[in-house]
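A.B. asks:
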Amino acid sequence: MSTHDTSRSQGKSPISQVLAPIRTRLFAAAMLAGIGTILTMVPLAGMAHIAKILVSDPGAAWELSTASMREIGWVVAASIVSLFVGMGCMFLGELVAHLADNKLTYQLRLAVMRRLSQAPLGWFTSRASGDVKQAMQDDIATLHSLTAHFYTAVGRAFGALLISVVYLIMLDWKIAVITLLPLPGFFLFLRRLMQASKANMGEFIAQLERMNNAINEFVCGIPVVKAFGTTGQAYRGYQLCPCI
């Protein structure tokens with residue numbers, strides 16, 4: 134690797150480097166989920182259009198004109214096709230995201246296993262088994278929510294927002310503007326919430342590691358507890374905070 138490539142990779146965040154091998158698949162999954170959401174919302178517009186035809190037709194609901202009946206038939210057919218195609222796109226997007234997640238987690242677990250097999254014995258002596266479990270299972274399993282669900286959820290949310298805004302603008306742009314007014318406040322609140330959670334994430338991970346160590350110590354020490362009866366001492370590792 135050249136010096137330029139090394140400096141460029143160092144400028145990226147760790148999560149961007151981890152997701153680099155499957156970024157294209159995640160983008161495709163998000164696009165499929167967004168398109169699927171747009172198509173599945175077409176029947177809602179179809180129902181509104183049919184209601185408009187029924188209200189505007191001069192005849193009674195059971196005496197619609199031939200042109201109105203033909204238009205309703207086309208709307209119903211288009212709505213049904215859009216619904217099933219949209220569900221297929223959403224299913225395909227979830228499938229692509231989960232396959233990408235399986236590929237990434239397999240490669241990460243294999244890389245961690247190879248790295249641990251080359252680590253000196255002193256590394257394991259100075260660390261508890263919970264640290265190894267945290268590296269092999271918990272940290273990698275946490276990526277499942279990001280790779281398999283986050284991008285498709287963002288695609289569905291963006292698709293629903295996009296088709297709703299387009300539909301409102303087609304009806305009345307003034308209604309669309311009034312509807313979109315609360316959005317900047319929501320994004321500002323979401324940004325503040327993410328910053329607050331990021332500030333406590335380090336402490337959360339540290340306490341999670343201590344909890345894993347305490348659980349492994351207690352489970353592995355059950356035979357000793359049964360043999361020697363160390364009452365009140367076997368589960369002292371669960372007291373992660375002095376205030377508990």
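Sequential numbering from 134 applies to the sequence shown in our numbering. Beta carbons: idealized from backbone N, C-alpha and C, even for Gly.
1) Helix, strand or coil for P317? Go by DSSP, reduced to three states.
2) So for N333, helix, strand or coil by DSSP?
3) Considering only the alpha carbon of each residue, which of L243, N333, H182 lies closest to M303?
4) Determine the contact status of L276 and D234, defining contact as a CB-CB distance below 9 Å.
5) Starting from Q150 and walking both ways along the alpha helix (DSSP H), at which residues does that stretch end?
6) So, under 8 Å CB-CB, L216 and T170 are touching, yes? Tell me the CB distance rounded to an integer number of Å.
7) When DSSP labels each residue in this structure, what does P253 get in the three-state scheme?
8) Please state whether the Cβ-Cβ distance between A163 and Y284 is less than 9 Å.
9) Quick one: using the 10 Å Cβ neighbour count with 16 as the cut-off for buried, is S198 buried or exposed?
10) Cα separation between E204 and Y300?
11) Using the C-alpha atoms, what's the distance from G206 back to F224?
12) Hey, could you find the ends of the alpha helix (DSSP H) F283 is sitting in?
13) Could you tell me the alpha carbon to alpha carbon distance between A211 and A309, rounded to whole angstroms?
14) Please tell me whether Q240 and P154 are closer than 9 Å, where the distance is taken between their beta carbons.
15) So, with DSSP's three-state summary, where would you put M220?
16) How would you label A178, buried or exposed, when you count the other beta carbons within 10 angstroms and need 16 or more for buried?
C.D. replies: Reading it off the structure:
1) Working through the sequence shown from its first residue, we reach residue 317 at position 184. Helix.
2) Your numbering for residue 333 matches position 200 in the sequence shown. Here DSSP, grouped into helix, strand and coil, assigns N333 to coil.
3) Residue numbering aside, residue 303 sits at position 170 when the sequence shown is read from its first letter. M303 has its Cα closest to that of H182, out of L243, N333, H182.
4) Locating residue 276 in the sequence shown gives position 143, where the first residue counts as 1. Locating residue 234 in the sequence shown gives position 101, where the first residue counts as 1. For the pair L276 and D234, the CB atoms are nearer than the 9 Å cut-off.
5) By 1-based counting over the sequence shown, the position of residue 150 is 17. 147–152 is the span of the alpha helix (DSSP H), which, as asked, contains Q150.
6) Indexing the sequence shown from 1 puts residue 216 at position 83. Indexing the sequence shown from 1 puts residue 170 at position 37. Cβ atoms of L216 and T170 stay farther apart than 8 Å, at about 11 Å.
7) Here residue 253 corresponds to residue number 120 of the sequence shown, with the count starting at 1. In the structure shown, P253 sits in coil (DSSP, three-state: anything other than H, G, I, E or B).
8) If you number the sequence shown from 1, residue 163 lands on position 30. If you number the sequence shown from 1, residue 284 lands on position 151. If you check the CB distance, A163 and Y284 come in under 9 Å.
9) Walking along the sequence shown from the start, residue 198 turns up at place 65. Residue environment: S198 is assigned as exposed (fewer than 16 neighbouring CB atoms within 10 Å of its CB, all protein chains considered).
10) Within the sequence shown, the letter at position 71 stands for residue 204. Within the sequence shown, the letter at position 167 stands for residue 300. Rounded to the nearest angstrom, the two C-alpha atoms are 19 Å apart.
11) Locating residue 224 in the sequence shown gives position 91, where the first residue counts as 1. Locating residue 206 in the sequence shown gives position 73, where the first residue counts as 1. Rounded to whole angstroms, F224 to G206 spans 27 Å at the Cα level.
12) The residue you call residue 283 lines up with position 150 of the sequence shown. Per DSSP, F283 lies in no alpha helix (DSSP H) segment and is marked neither H nor E.
13) The residue given as residue 211 occupies position 78 in the sequence shown. The residue given as residue 309 occupies position 176 in the sequence shown. Taking C-alpha positions only, A211 is separated from A309 by approximately 25 Å.
14) Taking the sequence shown and counting its residues from 1, one reaches residue 240 at position 107. Taking the sequence shown and counting its residues from 1, one reaches residue 154 at position 21. Closer than 9 Å, so yes.
15) The sequence position of residue 220 within the sequence shown is 87, counting from 1. Residue state, collapsed to three classes: helix.
16) Here residue 178 refers to the residue found at position 45 of the sequence shown. Per the 10 Å Cβ criterion, buried.
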